[in-house]
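I have placed the structure first, in the form of structure tokens, so that the comments after it can refer back to it.
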Amino acid sequence: FNGPIYLILFLILLLGNVYYAYCTLINTKNWLDKYGTHHSAVLITRILGSLISGFVLIGIYILFTGTEGTWAYFATMFIGFVIMAIIGIHFVEVDYPNNYKGKEGFENVVITKEGYIPAIIFAIVNAIIMYGLSDKIYA
Numbered sequence: 002f003n004g005p006i007y008l009i010l011f012l013i014l015l016l017g018n019v020y021y022a023y024c025t026l027i028n029t030k031n032w033l034d035k036y037g038t039h040h041s042a043v044l045i046t047r048i049l050g051s052l053i054s055g056f057v058l059i060g061i062y063i064l065f066t067g068t069e070g071t072w073a074y075f076a077t078m079f080i081g082f083v084i085m086a087i088i089g090i091h092f093v094e095v096d097y098p099n100n101y102k103g104k105e106g107f108e109n110v111v112i113t114k115e116g117y118i119p120a121i122i123f124a125i126v127n128a129i130i131m132y133g134l135s136d137k138i139y140a
């Protein structure tokens with residue numbers, strides 16, 4: 002991992018993915034309740050959790066086998082986090098307040114900046130890891 006800094010950043014990224022995988026795949030209903038989301042969203046939330054779990058499992062594999070040739074893993078996560086951040090910012094700051102807030106069916110929905118802040122942090126951490134491990138991940 003080219004030293005402890007990049008290992009720690011990788012572990013932060015991995016633990017963040019573990020947290021969201023757990024929330025969306027295992028603790029789904031409580032997580033939906035936290036945001037006032039109807040339980041009819043369980044299926045799509047668990048599909049999201051399944052995708053995140055794939056990144057967790059591959060991340061654990063990389064942790065034990067090394068980072069050589071893993072550019073696709075990091076690039077896919079980086080692109081995903083950037084898209085998630087852009088969509089999150091647009092929805093939380095523009096779309097929800099102008100089109101959904103106070104409307105029928107959205108009375109109990111809790112919209113927070115968690116819709117994009119973690120994605121921004123994870124994208125930055127991921128970019129730092131990609132830069133710092135470029136000699137290995139592109140090998």
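In this note's numbering, the protein residues as written are 2 to 140. Beta carbons: idealized from backbone N, C-alpha and C, even for Gly. Being a predicted model, the structure only gives us computed values, none of them experimental.
Check whether the Cβ of residue i lies closer than 7 Å to any Cβ atom in chain B.
{"i": "T46", "result": "In summary, chain B is missing from the structure at hand, where a single protein chain is found."}
For residue i, which of the options has the nearest alpha-carbon?
{"i": "G81", "options": "P5, Y36, Y117, K35", "result": "Y117"}
{"i": "T46", "options": "T29, I84, D34", "result": "T29"}
{"i": "L26", "options": "I48, I6, M78", "result": "I48"}
{"i": "Y23", "options": "F11, G37, V57", "result": "V57"}
{"i": "I53", "options": "E105, I122, Y21", "result": "Y21"}
{"i": "V95", "options": "A73, D34, T113", "result": "T113"}
{"i": "G89", "options": "A140, E69, N109, I121", "result": "I121"}
{"i": "T66", "options": "F2, E108, I129", "result": "F2"}
{"i": "N18", "options": "I129, G133, A124, S135", "result": "A124"}
{"i": "T71", "options": "P98, Y132, S51, H91", "result": "Y132"}
Starting from the C-beta of residue i, find all residues in its chain whose C-beta is less than 8 Å away, skip the five residues before and the five after it, and write them out in chain order.
{"i": "I61", "result": "L15"}
Considering only residues of the same chain and omitting the five flanking positions on each side of residue i, which have a CB-CB separation below 7 Å?
{"i": "M78", "result": "F56, N127"}
{"i": "E69", "result": "K137, A140"}
{"i": "I129", "result": "L10"}
Assuming residue i and residue j form a contact by the criterion Cβ under 8 Å, report the distance between their Cβ atoms to the nearest whole angstrom.
{"i": "Y36", "j": "V111", "result": "5 Å"}
> Which full runs of the alpha helix (DSSP H) of 4+ residues lie inside the region 60-97, going along the chain?
Replying inline: 72-91
> What are the uninterrupted segments assigned as alpha helix (DSSP H) that are 4 or more residues long and contained completely in the region 3-66, given in chain order?
Replying inline: Runs found: 5-22, 29-35, 43-66.
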